[in-house]
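Number of protein chains: 2
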Amino acid sequence: MRDVSIIGIGQTPVGEHWERSLKELAGDAIQAAIKDAQIERVDVLYVGNMCSGTLNGQEHLGALISDWVGLRGVEAVKIEAACGSGAAALRLGYVAVAGELADFVVVAGVEKMTDRPGEQVTAALAMASDGDFEAQNGLSFVALNALLMRRYMHEYGVPHRDFAPFAINAHKNAIGNPCALFPHAVTAEDFCAAKMIADPVNLLDSSPVCDGAAAVVLCPTEIARQFNARPVRIRASSAATDTIALHDRRDLLGLEGASLSASKAYGQAKVTPKDIDLFELHDAFTIMSVLSLEACGFAERGRGVRLGTQGDIAIGGQIPITTMGGLKARGHPVGATGIYQVIEVALQLREQAGANQVRNARLGMAQNIGGSGATVVTTILEAVE
Amino acid sequence: MRDVSIIGIGQTPVGEHWERSLKELAGDAIQAAIKDAQIERVDVLYVGNMCSGTLNGQEHLGALISDWVGLRGVEAVKIEAACGSGAAALRLGYVAVAGELADFVVVAGVEKMTDRPGEQVTAALAMASDGDFEAQNGLSFVALNALLMRRYMHEYGVPHRDFAPFAINAHKNAIGNPCALFPHAVTAEDFCAAKMIADPVNLLDSSPVCDGAAAVVLCPTEIARQFNARPVRIRASSAATDTIALHDRRDLLGLEGASLSASKAYGQAKVTPKDIDLFELHDAFTIMSVLSLEACGFAERGRGVRLGTQGDIAIGGQIPITTMGGLKARGHPVGATGIYQVIEVALQLREQAGANQVRNARLGMAQNIGGSGATVVTTILEAVE
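Which chain is which? The protein sequence lines are X and W, in order.
Just so you know, we're using our numbering here: the first sequence kicks off at 32 and counts up by one.
Just so you know, we're using our numbering here: the second sequence kicks off at 32 and counts up by one.
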């Protein structure tokens, strides 16, 4: 098995891109990543996407996008794992390069959600849950997270306002990210006054519906410096699943898929949570941030919320999270999110995060989640010396 | 890179499975393949599927199906490459095992199409084409194949009736396949009298809308015999793309994706078309059979149709095709087709094809196509001595 590095990154701003089609967005990100990597050959293109069939009337994104970006003939497929599609595609790119089946792999994530009315988007996202027992009975994704949040509040006696720091931190960090959808501050008062979506999840607990595309270029670490002065090494890549339905979980608040995926990644990288300098977690909802921090070993059960209230999640804190705005404020174009996360870790490790730079960041982790914890892909990245 | 073999196969009958859900069909095939392989551990599950979002209201099939079949926790994702999704998933399974990233990989293909009205299925399948320029202008998949067929007939002066042998051969072979949708003979008269769908493509030129699931288990060849007395080695696995839209092709009848994919496979296996004992090709339409035979080097340009009229495609002929009925008569549950094809080659190489056995079959090829030739995955299989 070969060591694998990221030698190119490219991202579009997250937004409502009514003037750009799905393939144009993906093409913009891919061209930027190829330019950043300065490669002249691509062996494989993997595209992470969840909803192109239902929201854009288009499948077959591998062939569509490889053709559009001038990679005619190249091996190309679409990978789908709900909101974890981006990192799932990255994982396959890692497998292809590590296993010596390809040298130069482009992995893109793309999602275009704002061309459709909100209720269609809600229905499309609900396809990440168990259709027979969750979506069928009216549980949207917000509703599933509301069940988790209510249970957490009940179990540990946590008031809703204690989740505010996760939204505040994300929005504050988005100000320094030119690609963020919501680069503006929110306060604890804003959080407490935000419109209720599915009690207790309110608007500021929730990530937005939006469009975006992001792409990375992978190659063997041993030749990475020929293409990029600052490659970022993939120290670990792992994927795990859990039951698709919440009601089948052995431990509702345990997020077993996340802990399994993270523990495999820690083992592969030979590190512990203490070694991680920043963590781009899957803050689709504030409760998901808290559960992820606990499942990945950054806090004991029931204490994840304190990392927010104590300021540990801020840049400069013990475990900075959502350093470029996270899903909440950078935005969550679902199939692209996993690639945005990895690009943000790469920017930190390349010391190109500007005002949001985590000082002396050497080891960063990204975790992308599909469904309410049913697919979890963890990537640990390291600056190449 | 390790050598990879298929040690387990499982398939449901192709049909209108109104009593079984998508996950139940997939589960039936996976359980059968795991039982055939007699393995006690699965590292990864890849699921090939095209239309679950639009036709079944369900995405996230990796997590859904791994959970359903009792593989909770296992790495699992869905792979989409239109009608080539099944073999595209197989290709990724091959990459994972060959590259030493996994030892035991289950690859399933599943599609459930008959729960929806025909016009919805036609629209869903059209998502394999270029949405902006083909589907948007009313070109269904049958219409795209009609353009190809009309051009072929014009270019080479071939009458429509000359395509009859491809339908007749497929239906004849389906009689010996207990999983086939249409196990009954058709005649040249039936072919010429069949209902017109999109001139010149008639009903007997076309593969049917149906449901089905198929699965295989892969492992390194070096340990394959511990699990199955008759493993089938993957001598070559390759994927290529072409322009998604027909009007962008340099050579409309050339099927460049198929020739590129096949030539890569021949190179990897170090064989020529002459060495192939049977060919499970992608006969979604009779014209696709003819173009595939030419693109893969079994006939010169414009002469593929003669392989039918001369009887070369029959079991016992020079290059037997669709030996268990093909897409035409076994059926074409789109995301599952690529796995059905590989299972049928495996049955031939294991000498378990019953009345349809190709004598002394040692090397078989399967080719699965997405769109009108835009994604092509070729697999060359060999009986392990």
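Cβ atoms here follow ideal geometry from the backbone N, Cα and C, with glycine treated the same way.
| Check | Outcome |
| --- | --- |
| Any chain X beta carbon closer than 8 Å to W/C103 | The identity of residue 103 of chain W in the sequence shown is Arg, whereas the question assumes Cys. Interface residue, yes. |
| Other residues of its chain near W/F310: CB distance less than 6 Å, five sequence neighbours each side excluded | I350, I352 and M396 |
| Coarse secondary structure for X/T406, derived from DSSP in three states | strand |
| Those residues which DSSP pairs with W/C114 across a bridge | W/A112 |
| When X/G93, X/L277 and X/T406 are compared against W/E111, the one with the closest alpha-carbon | X/G93 |
| Under the three-state DSSP convention, the category W/I400 falls into | strand |
| Nearest residue (CA-CA) to X/N481, options X/G366, X/I400, X/L312 and X/L76 | The displayed coordinates of chain X run from 32 to 416. Any statement about residue 481 of chain X would go beyond what the structure contains. |
| Proximal residues of chain X, C-beta to C-beta of W/Q299 below 8 Å | Here the premise fails: no neighbours, minimum Cβ distance about 11 Å. |
| Per-residue burial, X/T252 [other beta carbons within 10 Å of its own, 16 or more giving buried] | buried |
| Residue interval of the alpha helix (DSSP H) (run including X/G84) | S83 to N87 |
| Closest Cα partner of W/L20 within the set W/R381, W/P209, W/R256 and W/G162 | With chain W covering only 32 through 416, there is no way to say anything about residue 20 of chain W. |
| Under the three-state DSSP convention, the category X/Q42 falls into | strand |
| Exposure label - X/K143; buried when at least 16 CB within 10 Å | buried |
| Ordered list of alpha helix (DSSP H) runs contained in the stretch 223-311 of chain X, each at least 4 residues | 252-255 and 287-300 |
| 8 Å Cβ cutoff met for W/A127 and W/V75 | yes |
| 8 Å Cβ cutoff, X/S111 in contact with chain W | Correcting the residue identity first, residue 111 of chain X is Glu in this sequence and not Ser. It does; some Cβ of chain W falls within 8 Å. |
| Neighbouring residues, chain W, relative to X/S97 (Cβ below 7 Å) | T272 |
| Selection of the stretch 120-144 of chain X by Cβ proximity to chain W, strictly under 7 Å | L123, V126, A127, A129, G130, E131 and L132 |
| 8 Å Cβ cutoff, X/H278 in contact with chain W | no |
| Beta-carbon neighbours of X/I275, restricted to chain W and to distances below 7 Å | H91, A94, L95 and D98 |
| Residue nearest to W/G101 in terms of C-alpha spacing, selected from X/F194, X/D314 and X/I275 | X/I275 |
| CB contact check: W/A246 to chain X, cutoff 8 Å | no |
| Integer-rounded CB distance, given that X/S269 should sit under 8 Å from X/A296 | 4 Å |
| Coarse secondary structure for W/E90, derived from DSSP in three states | coil |
| Buried or exposed (CB count within 10 angstroms, at least 16 for buried), X/T218 | exposed |
| Cβ separation of X/C241 and X/E47, assumed to be a contact under 8 Å, to the nearest whole Å | 7 Å |
| W/K425 burial status per 10 Å Cβ neighbour count (16 or more: buried) | Residue 425 of chain W lies beyond the residue range present for chain W, which begins at 32 and ends at 416; the question has no answer from this structure. |
| Span separating the alpha-carbon of X/A177 from that of X/L234 | 12 Å |
| Pick from W/T409, W/W99, W/I346 and W/L412 that is closest to W/R390, judged by C-alpha positions | W/I346 |
| Identified DSSP bridge partners for W/V35 | W/P251 |
| Span separating the alpha-carbon of X/H91 from that of X/V108 | 7 Å |
| Rounded C-alpha distance that separates X/L95 from W/V408 | 16 Å |
| Nearest-angstrom Cβ-Cβ length linking W/A159 and W/G402, presumed shorter than 8 Å | 4 Å |
| Short CB-CB distance (under 8 Å) between W/A267 and chain X | no |
| W/G357 beta carbon less than 8 Å from that of W/A244 | no |
| Coarse secondary structure for X/F316, derived from DSSP in three states | strand |
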